[in-house]
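What follows is one structure encoded as structure tokens, with my remarks underneath.
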Amino acid sequence: MKYEEFIELRRKGQIEAGIPVSVAIRLGEHLPNRYQYAVAFWNMVGFLSIIAGLAAIFLYRWWVGLVILFLVAPIIFKANKRSAVQHVLSHAEEDEEFFNLLGSNGWLVFRQ
Numbered sequence: 271m272k273y274e275e276f277i278e279l280r281r282k283g284q285i286e287a288g289i290p291v292s293v294a295i296r297l298g299e300h301l302p303n304r305y306q307y308a309v310a311f312w313n314m315v316g317f318l319s320i321i322a323g324l325a326a327i328f329l330y331r332w333w334v335g336l337v338i339l340f341l342v343a344p345i346i347f348k349a350n351k352r353s354a355v356q357h358v359l360s361h362a363e364e365d366e367e368f369f370n371l372l373g374s375n376g377w378l379v380f381r382q
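Taking the numbering used here, I'd label the letters of the sequence shown as residues 271 to 382.
The structure is reproduced here in structure tokens:
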């Protein structure tokens with residue numbers, strides 16, 4: 271699909287694009303800094319929540335630590351992966367060259 275055609279269909283709401291999470295994570299370094307900083311920040315929050323969960327198990331209440339470890343941390347990491355995909359797709363809409371790179375490698379998936 272050509273970039274112009276994609277943008278036109280996207281503005282009309284007739285098409286959706288997707289990309290595998292693993293590809294989006296690897297492409298993070300090719301995105302503008304604002305996207306990289308957001309993903310890095312939430313990754314740090316996720317890792318800190320693991321540390322906080324372990325600390326809460328031993329220093330506060332064990333069940334609070336388990337909630338943090340098995341509920342809060344996974345939610346943060348899953349949401350961060352989804353946002354990485356959205357960042358890549360947003361950048362693909364803004365940059366024709368990046369869109370063509372994704373398309374030529376077969377990473378973009380379209381749904382109408």
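We put the beta carbon where it would ideally sit given N, CA and C, even for glycine.
- Listed in chain order, the alpha helix (DSSP H) runs fully inside the stretch 326-356 are 332-337, counting runs of at least 4 residues.
- Residue 380 has 287 as its beta-bridge partners, per DSSP.
- With 16 or more neighbouring CB atoms inside 10 Å of its own CB, residue 358 falls in the buried class.
- Of the other Cβ atoms in all chains shown, 16 or more fall within 10 Å of the Cβ of residue 338; this residue is therefore buried.
- If you check the CB distance, residue 294 and residue 354 come in under 9 Å.
- Apart from the 5 residues on each side of it in sequence, residue 320 sits with its Cβ closer than 7 Å to the Cβ of 339 and 343 in its chain, given in chain order.
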